[in-house]
Amino acid sequence: MHIYLSPHPDDAVFSCGGQIYQRLQKGDEVLIMTLMAGHAPAQLRPNVYIQEHHQRWGLGEDAHSVVEGRRAEDAAAAAILGANLIFGHTPEALYRTNGDSHESFYQSREALFGPVHSGDASIPHQIAEDFEADIKTPITALYAPLGVGGHVDHLLARDAALILARQRPDLRVYFYEEYPYSREDRRIILAAMHAFGQPLLKVSVSVSPEALQSKIRASRCYHSQISSFWENPDALDAELTTYHAQIGGENLWRLLRGDEFA
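Quick note on the numbering used here: the sequence shown kicks off at 135 and runs consecutively.
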């Protein structure tokens, strides 16, 4: 089984939808684990940054409706590709609080793309524990975000994958370039690799025209996210097509082990 760790609904499909479709067409089993898909704590104090996101996403004014809406988008996209899907219980960064003041840790873009809050330090370990408890079948490979763009949830997912890599020395682990952050400037990919601090080998995955069209159809399911990155769904289609042509498909980085990099 191939398992893709997706920080949020959309990340695995936007970044790896073509290869996911191709693996499934070959008869492989694929599971998408959307990690930060939990509901917000009931005591969460709304703030301007949360309200801005809710208004832009158009899934409702309250966090419960938004989470349910994003899960529904993710399920629709996974169904188009044919992948299995499970949701983690951790809320996304907008909704995580310190438990005392019930104030969100991340109340600005600078915070969301800055250092991970100390209150989130245990999340990678919890993700790894949940993974070990939930996954009992043999795993062919694990795929996780590289950390392109520096979103704190992507960094936490990356670190969880590294914990799993240490716990499973024989597991083949890949890190994917997160689209659409990766489109902005190739230098941010180099920055993510520099921050990664582990030896990596680039693996370029060719994506067939059929797989690309399936990826585009699946990506269109994320109606709430399109306005954050594109003018309209047609712009998403055009940019994905151009981007795939430019980089030759979808890029992965394989974690090297032992004497592989000697």
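Note that beta-carbon positions come from the ideal geometry of N, C-alpha and C, so glycine has one too. Predicted, not measured: the structure shown is a model, and the values here were computed from it.
In this structure, does DSSP put Glu226 in helix, strand or coil? Numbered from its first residue, the sequence shown carries residue 226 at position 92. Glu226 falls in the coil class under three-state DSSP.
Residue range of the unbroken alpha helix (DSSP H) whose run includes Leu389: Here residue 389 refers to the residue found at position 255 when the sequence shown is read from its first residue. No alpha helix (DSSP H) contains Leu389, which is instead part of the beta strand (DSSP E) from Glu384 to Leu389.
From which residue to which residue does the alpha helix (DSSP H) around Arg190 run? To locate residue 190, count along the sequence shown from 1; it is residue 56. Note, Arg190: alpha helix (DSSP H), Val182 to Trp191.
Cutoff 6 Å; reference Gly152; Cβ partners in own chain excluding five residues on either side: Residue numbering aside, residue 152 sits at position 18 when the sequence shown is read from its first letter. Result list for Gly152: Val341, Ala345, Leu346, Lys349 and Glu384, in chain order.
Would His328 be called buried (16 or more neighbouring beta carbons within 10 Å of its own) or exposed? If you number the sequence shown from 1, residue 328 lands on position 194. Counting Cβ neighbours within 10 Å, His328 comes out exposed, since fewer than 16 surround it.
May I ask which residues mark the beginning and end of the beta strand (DSSP E) holding Thr168? To locate residue 168, count along the sequence shown from 1; it is residue 34. Unbroken beta strand (DSSP E) run through Thr168: Val164 to Thr168.
Determine, using beta-carbon pairs with one atom in the stretch 275 to 284 and one in the stretch 300 to 315, whether at least three such pairs fall under 8 Å. yes
In whole angstroms, give me the CA-to-CA distance for Ile257 and Ile273. The residue you call residue 257 lines up with position 123 of the sequence shown. The residue you call residue 273 lines up with position 139 of the sequence shown. Ile257 and Ile273: Cα-Cα distance of roughly 22 Å.
Is the separation between the beta-carbon of Phe247 and that of His285 shorter than 8 Å? The residue given as residue 247 occupies position 113 in the sequence shown. The residue given as residue 285 occupies position 151 in the sequence shown. Yes; because the gap between Cβ atoms is below 8 Å, this pair is in contact.
What separation, rounded to the nearest whole angstrom, lies between the Cα atoms of Leu158 and Gly216? Counted from its first residue, the sequence shown places residue 158 at position 24. Counted from its first residue, the sequence shown places residue 216 at position 82. Each residue's alpha carbon lies about 7 Å from the other.
Find out if the Cβ-Cβ distance for the pair His236, Leu165 is shorter than 8 Å. Residue 236 sits at position 102 when you count from the first residue of the sequence shown. Residue 165 sits at position 31 when you count from the first residue of the sequence shown. Not a contact, by the Cβ cut-off of 8 Å.
Kindly confirm or deny that the stretch 203 to 217 and the stretch 257 to 272 touch, where touching means at least three C-beta pairs closer than 8 Å. no
Look at the Cβ atom of Ala352, then the Cβ atom of Val201, and state whether they are nearer than 8 Å. As a first step, residue 352 must be located in the sequence shown, where it is residue number 218. As a first step, residue 201 must be located in the sequence shown, where it is residue number 67. Their beta carbons are not under 8 Å apart, which means Ala352 does not touch Val201 by this criterion.
Output the distance between the C-alpha atoms of Ala267 and Ala294, rounded to the nearest integer angstrom. Within the sequence shown, the letter at position 133 stands for residue 267. Within the sequence shown, the letter at position 160 stands for residue 294. Approximately 14 Å between the Cα atoms of the pair.
Let me confirm a value: Glu365 is counted as buried when at least 16 other C-beta atoms fall within 10 Å, else exposed. Which label applies? Sequence index remark: in the sequence shown, residue 365 carries index 231 (1-based). Its Cβ having fewer than 16 others within 10 Å, Glu365 is exposed.
To the nearest angstrom, how far is it from the Cα of Ile322 to the Cα of Ser316? Within the sequence shown, numbered from 1, the residue matching residue 322 stands at position 188. Within the sequence shown, numbered from 1, the residue matching residue 316 stands at position 182. Roughly 7 Å separates the two Cα atoms.
Output the boundary residues of the alpha helix (DSSP H) element that contains Ile323. Position 189 of the sequence shown, counted from the start, is the residue given in the question as residue 323. Its alpha helix (DSSP H) spans residues Arg320 to Phe330.
Through-space distance from Asp368 to Arg292, alpha-carbon basis: Numbered from 1 along the sequence shown, position 158 holds the residue referred to as residue 292. Numbered from 1 along the sequence shown, position 234 holds the residue referred to as residue 368. Rounded to the nearest angstrom, the two C-alpha atoms are 31 Å apart.
In the structure shown, what three-state DSSP assignment does Thr231 receive? The residue given as residue 231 occupies position 97 in the sequence shown. It is a strand residue.
Option nearest Glu186 by Cα separation, candidates Ala325, Ser242, Thr224 and Thr231: Your numbering for residue 186 matches position 52 in the sequence shown. The shortest Cα separation from Glu186 among Ala325, Ser242, Thr224 and Thr231 belongs to Ser242.
If you count every other CB in all the chains shown that lies within 10 Å of the CB of Arg204, and 16 or more means buried, which is it? As a working note, residue 204 is residue 70 in the sequence shown. It counts as buried.
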